[in-house]
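Structure first, commentary second.
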Amino acid sequence: MRAHTCDNGADTILMSLMRTSLAIDFVSDVSCPWCVIGLYAQEQAIERLDPGVSVTIPVEAFERALRHALAQP
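Numbering-wise, the working numbering puts 25 at position 24 of the sequence shown, and it's gapless, one number per residue.
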């Protein structure tokens, strides 16, 4: 149920302005089965999003991310 409706097309304009992009950094341990399950659940959730939402998911191995973090001053 919608809380508010407009007859003048304001909802359509508002929805077009709300289109957005979402970037999710997915850091995964290659030996962890829960990471695969989590990625699958995340992909299912993304499929339920509004089609106007653009989603990018760069996947990075945990060890590589750790080395990169340790290299930072």
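Backbone N, C-alpha and C fix where the C-beta goes; we use that ideal spot for every residue, glycine too.
- Only residues of its own chain outside the window of five on either side were considered, and among them THR57 have a CB closer than 7 Å to the CB of ALA24, listed in chain order.
- Taking a C-beta distance under 7 Å as the contact criterion, GLU64 and VAL28 do not qualify as a contact pair.
- In the three-state reduction of the DSSP assignment, VAL54 falls in the coil class, being assigned neither a helical nor a strand state.
- Excluding residues up to 5 positions away in sequence, nothing lies with its Cβ nearer than 6 Å to the Cβ of GLU44 in the same chain.
- Per DSSP, reduced to three states, the secondary structure at VAL31 is coil, with no helix or strand assignment.
- Taking C-alpha positions only, PRO59 is separated from LEU40 by approximately 11 Å.
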